[in-house]
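In the numbering used here, the protein residues as written are 81 to 407.
What follows is a single structure, written as structure tokens, with notes after it.
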Amino acid sequence: MLHLPASRLVVACLLCLASFAACCADKVVLQLGWAAEPEFGGFFEALQTGLYGNHGIDLDLRLGNPQSNTTQLLLAGRADFIVAPSSDALNAAREGLPVVVVAAIFQRDPRVIISHRGAGNDSLASMRGKPIMIAASDRVTIWPFLRGRFGFTDDQLRPYAFNTGPFMANPNAIQQGYLTNEPFALQKLGAAVNVFLLADHGYDSYGATIITTRRLMAMSPDLVRRFVAASIKGWQAYLFGDPSPGNAFIKQNNPDMGDDRIAYSIARMKQSGLVDSGDARTNGIGAMSDARWKSMVAQLTALGIYPPTMDYHAIYTLEFVNHRVAP
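In structure tokens, the structure reads:
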């Protein structure tokens with residue numbers, strides 16, 4: 081019989097347990113719709129600090145790009161969870177697709193409209209009839225809202241290719257963007273800009289929701305619960321603790337993200353209450369409510385974006401949120 085010193089035996093046992101935990105963890109694919117940026121920082125934080133592993137999850141985190149159709153990837157079985165605004169889930173529900181929102185990380189949608197200061201485009205109403213650069217993906221989300229609320233028309237639409245060149249070249253240019261991203265880039269280039277957060281102008285969408293399929297939720301509710309809990313803890317640590325593990329992941333995977341840009345993004349998320357406003361103030365990060373979903377769908381239905389027959393209850397579940405998760 082092999083006899084080991086007690087200390088070596090303890091180490092051997094711990095290694096065996098770690099190996100067992102790793103081999104028995106649930107393999108999960110999280111597909112993001114964009115590159116590594118602070119808007120996904122909580123997920124990176126949870127990955128880097130072992131929170132997913134602590135919840136029995138072996139996470140395969142996949143970054144995206146402007147061409148990523150995360151909903152298609154989810155439905156094709158190439159992802160278990162995606163992160164997208166609630167409008168993506170609403171559009172999927174309109175088509176009868178079996179997706180479900182299980183948490184809302186951003187209580188407020190961070191999308192903005194940006195114009196040059198002093199060019200006469202100092203309000204959303206003043207932009208009626210003027211060219212606006214909007215990405216193809218947002219022509220079925222924020223554009224119907226702008227059209228219905230402010231009288232914009234489709235002949236105003238211009239392509240948006242996610243670069244600052246066209247805006248900087250035209251002093252009358254108007255474009256979409258993210259509160260945490262494009263305003264910083266444009267100001268670094270010397271542009272004085274107006275930034276209109278659509279959430280401040282009546283756009284009531286959740287942003288950065290966690291979406292999965294109804295099949296996965298029915299078959300593995302405990303897996304969904306563990307994934308949501310680990311993600312919420314990651315966001316708590318990233319915004320209100322030490323964000324350096326998440327930031328290290330961002331800088332490693334996206335060389336364009338310097339410390340100043342990351343700091344700007346985190347500050348704007350905090351200042352605007354993207355994560356910790358609304359229902360999250362009382363029910364914790366990721367919170368949702370029936371009242372908010374009802375109000376959101378009613379608003380968009382009144383604008384003609386969704387049919388009045390659409391059952392908004394089928395779009396989300398409160399089963400995995402609305403309780404504060406211990407650190």
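Backbone N, C-alpha and C define an ideal beta-carbon position, used for all residues, glycine too.
{"Item": "I330 beta carbon less than 7 angstroms from that of M29", "Value": "Since the first residue of the chain shown is 81 and the last is 407, residue 29 is not available in this structure."}
{"Item": "Selected residue, minimal CA-CA separation from A184, among A378, Y386, N363", "Value": "N363"}
{"Item": "Three-state secondary structure (DSSP) of P387", "Value": "coil"}
{"Item": "Residues that V275 bridges to, as DSSP identifies them", "Value": "I194"}
{"Item": "Coarse secondary structure for D160, derived from DSSP in three states", "Value": "coil"}
{"Item": "CA nearest to the CA of T293, picked from A169, I137, L112, A116", "Value": "A169"}
{"Item": "Buried or exposed (CB count within 10 angstroms, at least 16 for buried), F59", "Value": "In the structure as shown, the chain starts at 81 and stops at 407, and residue 59 therefore has no counterpart that could be examined."}
{"Item": "Anticipated Cβ contact below 8 angstroms, V182 with T397, distance rounded", "Value": "6 angstroms"}
{"Item": "Own chain residues within Cβ distance below 7 angstroms of H283, not counting five before or after", "Value": "The sequence given here places Tyr at residue 283; His does not occur at that position. Taken in chain order, the residues that qualify are D189, I222, F225."}
{"Item": "Counterpart residues of M213 in DSSP-defined beta bridges", "Value": "R238, Q255"}
{"Item": "Distance CB(L110)-CB(F161) smaller than 7 angstroms", "Value": "yes"}
{"Item": "Backbone CA spacing between T289 and P263 [nearest angstrom]", "Value": "23 angstroms"}
{"Item": "Three-pair Cβ contact test at 8 angstroms for the stretch 307-323 versus the stretch 131-139", "Value": "yes"}
{"Item": "Outcome for L303 when other beta-carbon atoms lying within 10 angstroms are tallied against a minimum of 16", "Value": "buried"}
{"Item": "Own chain partners of G231 with C-beta closer than 6 angstroms, once the 5 adjacent residues on each side are dropped", "Value": "R208"}
{"Item": "Cβ contact check for the stretch 353-372 and the stretch 198-217: 3 or more pairs under 8 angstroms", "Value": "no"}
{"Item": "Distance between S285 and S482 (C-alpha atoms, nearest Å)", "Value": "Given a span of 81 to 407 for the chain in the structure shown, any question on residue 482 remains unanswerable."}
{"Item": "Complete runs of the beta strand (DSSP E) confined to the stretch 100-157 [at least 3 residues]", "Value": "106-111, 137-142"}
{"Item": "Three-state secondary structure assigned by DSSP to V377", "Value": "helix"}
{"Item": "Cut-off 8 angstroms between Cβ atoms - residues of its own chain near C104, not counting five sequence neighbours on either side", "Value": "G136"}
{"Item": "Euclidean distance between Cα positions of D356 and R348", "Value": "12 angstroms"}
{"Item": "F186 - DSSP class collapsed to helix/strand/coil", "Value": "strand"}
{"Item": "Boundaries of the beta strand (DSSP E) in which T292 is found, first to last residue", "Value": "287-293"}
{"Item": "For Y283, the three-state DSSP class (helix, strand or coil)", "Value": "coil"}
{"Item": "Under the three-state DSSP convention, the category G314 falls into", "Value": "helix"}
{"Item": "Local Cβ density within 10 Å of P146, reported as buried at 16 or more and exposed below that", "Value": "exposed"}
{"Item": "Sequence-distant residues of the same chain with beta carbon closer than 7 angstroms to Y47, five excluded per side", "Value": "A query on residue 47 cannot be resolved here, the shown segment of the chain reaching from 81 to 407 and no further."}
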